[in-house]
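Protein chains: 2
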Amino acid sequence: MAVTIEFDGERVLAKEITSEQALERGFFGKKTGKNVLELMPVEALYLMDVRNASCTHNGKQVSFNRLASKLQGKKFMARYFCYRDWRDRGLVARPMDEAEGNYGRSPVVKYPSKHFDCPRVKARGLFLYDDLMSVIDDEEKGLALYERDWFGQYGTYKARKHGKFNKLDAYETLFLMRHGGYVLNIKEARLVKEATQRRQDFNALYDVYEDWRLRGFVLKTGFKFGTHFRLYFPGASPTLENEEWMHSKHVIHVFPRDSKMLISEWARAIRVAHGVKKTFILAIPGEKKETAAELDFLLYHRKHGAIENPREDKPKFVMLALSEEEEIGGQELAQALRRAKEVGLELILSICDRETSITHYRVKRVELPGSKYEYYEIEWTQP
Amino acid sequence: MAVTIEFDGERVLAKEITSEQALERGFFGKKTGKNVLELMPVEALYLMDVRNASCTHNGKQVSFNRLASKLQGKKFMARYFCYRDWRDRGLVARPMDEAEGNYGRSPVVKYPSKHFDCPRVKARGLFLYDDLMSVIDDEEKGLALYERDWFGQYGTYKARKHGKFNKLDAYETLFLMRHGGYVLNIKEARLVKEATQRRQDFNALYDVYEDWRLRGFVLKTGFKFGTHFRLYFPGASPTLENEEWMHSKHVIHVFPRDSKMLISEWARAIRVAHGVKKTFILAIPGEKKETAAELDFLLYHRKHGAIENPREDKPKFVMLALSEEEEIGGQELAQALRRAKEVGLELILSICDRETSITHYRVKRVELPGSKYEYYEIEWTQP
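Protein chains in written order, with the working numbering: chain Z, 263 to 645; chain B, 263 to 645.
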């Protein structure tokens, strides 16, 4: 049966007794008096949109658009459609201000870590400015560097015996200059300057490269997978094992703290990784800063054969609702992730596209021992 | 047998008789005198890298790096590795200056076109500023607009009977303001201003949206496929046919003429489309401008059971060699595509990643009758 709600000029209330009771049973609204339930704006829109609720103001019928125009605020429809999607799955979403303490449901994925002993580079390299790449043409030393720690590309990709030289990209070159005494026709500062002119985020990418390399991981270009790096766990080798090429299972995408990115571009990187069945790791390098984080809803999920609800259960996730054409900053995202950690819940990023269809991503914190940066596994999910 | 080449301080030559003859048979170099062959820098590097050639200068051995440092220029290694990849496939690549006239091998894909009769919008809409979206809450008129021409999203994505309102994105909203008399709580100029503040390329995207819409195509968000729009051919309908959702087979990505993009980001968009088996269309809207185009190589391909060669055949493609970390501008790419058209060859974009592995893309011109913009189908290929 359709419920009746009332707009008092500021808030939307359910006062009519059967409506109020039905809504409370359905986990809508917050009791603010005897038989009075105050609804979040998204709840009011939801009831009108899909539950056929009628809304009045001073006794007169109010249309959806009239109510929406009175209540609208920041990413209003994106929040509404993300809320609706959760509700349409038969699940409960509640306002963030109901969060209490730390729920202890924030997952952490632990990664291994190994001390990395950087080899000394005994051959002189040639840096090619326009290619941001260096070449070692000493065949023996170039091959050793490639085979021992997978620095550069000796010969040809997947065919190291075809060709005789080792080619190192700008991250590998700089790393070996700093940690392996690699000498070339360019100084460190100049290389950084040249690379930064080409891509502003060079330093952020290098910081992430170095952070994982120093912990024994191998990072190579993620070009084929649409990301900055692909990642191999400590012990990985470029030589064929049983005639099989070693496949990476993780990719890393770097999101500098001080840059902004359209959600649609951001999601594209995750989609490629998902399509090739890799775990997507988001890296947010740089100094942590305290800023306000705005999360949208506390989410209850499922339990054996039933749904979680606010009367009996703890929430499981917090939702950050975003829209396709919105920009998000690295710092803003980092802050939302830390706020989720504070309340001890897993973050779900819900993205509303231009067609009001929602895509959800689960975000798990990564623990990389010794690192001062923040890393997160992000996974497309259907709740 | 390994050949011997000579560096004279500027050019690389093959003078030694057996070397010169072997190279000429292999379609390397250009005859510049009796028994003298001049090599392109990439040819010289190739012979040293994978054919074990020895190079001398004033009678002394010259190393790969020494020669490279003398010859280096714009995207030197990227050009070299792209050249090598083509040669490693057993195919022939020749310098661009050998191109003569129009080879008549530039493919064009013809698209259909239909006059579009825009419906009049008789309901008033509400524009939500922060969401760049408008809502029509007149159920009947909203539904008609959705069902007739697939404007907006009525109800819920893939479930139009769930929910009662029609939601239109900024492109649809503006199109209906301009062509369907759609009236809302915002004027056209203000909408454009708001949208452009959010995303700089809004006008470019809208131009492309309008161009195809006016020719009877339906464009909806390409968010799920990592692109700006997905495309349906004239006659497409949002209502389920035989209980089946209609699938798009094409996606459109807009590359404004005056913006620049990292090749890695550009390639990412194509990868997503390829992963979901859609045809990727690149749109370059805006006024055509004449600038210089630098293409890299004339490419010969295969013919029944053999390879094409410069003595007997016409070239088939032109190659533009790029590197992963290079930026390309919309105008620059458009110009390369037009230069390919002038010589009557199909363009192959070859991208060298940081590991010197090459990815090739074929580019075909799209003919959309009546359009003043440029569109291209881009497809990942293994030559």
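Where is the CB? At the ideal position from N, CA and C, for every residue including glycine.
query                                                                                                                       : result
Thr-261/Z vs Glu-629/Z beta-carbon contact at 8 Å                                                                           : The requested residue 261/Z does not occur in the structure, where chain Z is confined to residues 263 to 645.
Boundaries (first-last residue) of the alpha helix (DSSP H) holding Asn-320/B                                               : Unbroken run through Asn-320/B: none, as it is neither H nor E.
Contact with chain Z by Thr-541/B, beta-carbon distance below 8 Å                                                           : no
Classification of Gln-593/Z by the beta-carbon crowding that lies within 10 angstroms, buried from 16 upward                : buried
Closer than 7 Å: Glu-552/Z CB and nearest the ligand ZN heavy atom                                                          : Questions concerning the ligand ZN fall outside what the structure shown contains, since it holds no ligand whatsoever.
Beta-carbon proximity list for Phe-326/B, same chain, < 6 Å, skipping 5 on both sides                                       : Met-310
Proximity test, Cβ basis, 8 Å: Thr-266/B and chain Z                                                                        : no
Positions along the region 405-427 of chain Z whose CB lies within less than 9 Å of some CB in chain B                      : Gly-414, Gln-415, Gly-417, Thr-418, Tyr-419, Lys-420, Ala-421, His-424, Gly-425, Lys-426, Phe-427
For His-377/B and Glu-604/B, the rounded distance between their alpha carbons                                               : 31 Å
Chain-ordered residues of the region 381-401 of chain B with a beta carbon less than 7 Å from chain Z                       : Leu-388, Leu-390, Asp-392, Asp-393, Leu-394, Met-395, Val-397, Asp-399
Integer Cβ distance of Asn-428/Z from Gly-404/Z, believed to fall under 8 Å                                                 : 3 Å
C-beta neighbour in chain Z for Ala-340/B, strict 8 Å                                                                       : yes
Closest by C-alpha distance to Phe-485/B, when choosing among Pro-374/B, Ser-619/B, Ala-535/B                               : Ala-535/B
Proximal residues of chain B, C-beta to C-beta of Leu-544/Z below 8 Å                                                       : In chain order: nothing, as chain B lies at least about 15 Å away.
Chain B contacts made by the region 303-318 of chain Z, where a contact means CB separation under 7 Å                       : Asp-311, Val-312
Helix, strand or coil at Asn-327/B according to DSSP, with G and I counted as helix                                         : helix
Cα-Cα separation between Glu-472/Z and Phe-437/Z, rounded to whole angstroms                                                : 7 Å
Whole-Å CB distance - Gly-606/Z paired with Asn-314/Z, under 8 Å assumed                                                    : Their Cβ separation, rounded to whole angstroms, is 38 Å, which puts Gly-606/Z and Asn-314/Z out of contact at 8 Å.
Chain-ordered chain B contacts of Ala-598/Z [CB-CB under 9 Å]                                                               : Under the 9 Å cutoff, chain B gives no residues; its nearest Cβ is about 18 Å from Ala-598/Z.
Proximal residues of chain Z, C-beta to C-beta of Lys-522/B below 8 Å                                                       : Under the 8 Å cutoff, chain Z gives no residues; its nearest Cβ is about 11 Å from Lys-522/B.
Interfacial residues, the region 600-633 of chain B to chain Z, with Cβ spacing under 9 Å                                   : Ile-613, Cys-614, Asp-615, Arg-616, Glu-617, Thr-618, Ser-619, Ile-620, Thr-621
8 Å contact criterion, which Glu-286/B and Leu-275/B should meet: CB distance rounded                                       : In fact, because the Cβ distance is near 13 Å, the residues do not count as touching under 8 Å.
Cβ distance (whole Å) where Glu-586/Z is taken to contact Ile-613/Z below 8 Å                                               : 6 Å
Inter-stretch contact (C-beta, 8 Å, three-pair minimum) for the region 517-525 of chain Z and the region 512-527 of chain B : no
Close-in-space but distant-in-sequence residues of the same chain around Val-480/B (CB under 6 Å, 5 per side omitted)       : Trp-412, Tyr-494, Ala-498
Asp-431/B at chain Z interface by Cβ criterion, 8 Å                                                                         : yes
Alpha-carbon spacing of Ile-398/B relative to Met-395/Z, whole angstroms                                                    : 55 Å
Where Pro-357/Z sits in the DSSP three-state scheme                                                                         : strand
Thr-501/B - containing alpha helix (DSSP H), residue span                                                                   : Segment: none, Thr-501/B is in no alpha helix (DSSP H) and carries neither H nor E.
Inter-stretch contact at 8 Å, needing at least 3 Cβ pairs: the region 377-393 of chain B / the region 621-628 of chain B    : no
C-beta neighbour in chain B for Glu-586/Z, strict 8 Å                                                                       : yes
Short Cβ contact (8 Å threshold) for Tyr-345/B with Phe-559/B                                                               : yes
Inter-residue spacing [alpha-carbon to alpha-carbon] between Lys-550/B and Lys-634/B                                        : 9 Å
For Trp-507/B, the three-state DSSP class (helix, strand or coil)                                                           : coil
Alpha-carbon spacing of Arg-386/Z relative to Leu-329/B, whole angstroms                                                    : 15 Å
Gln-462/Z classed as buried or exposed, judged by whether at least 16 other C-beta atoms fall within 10 angstroms           : exposed
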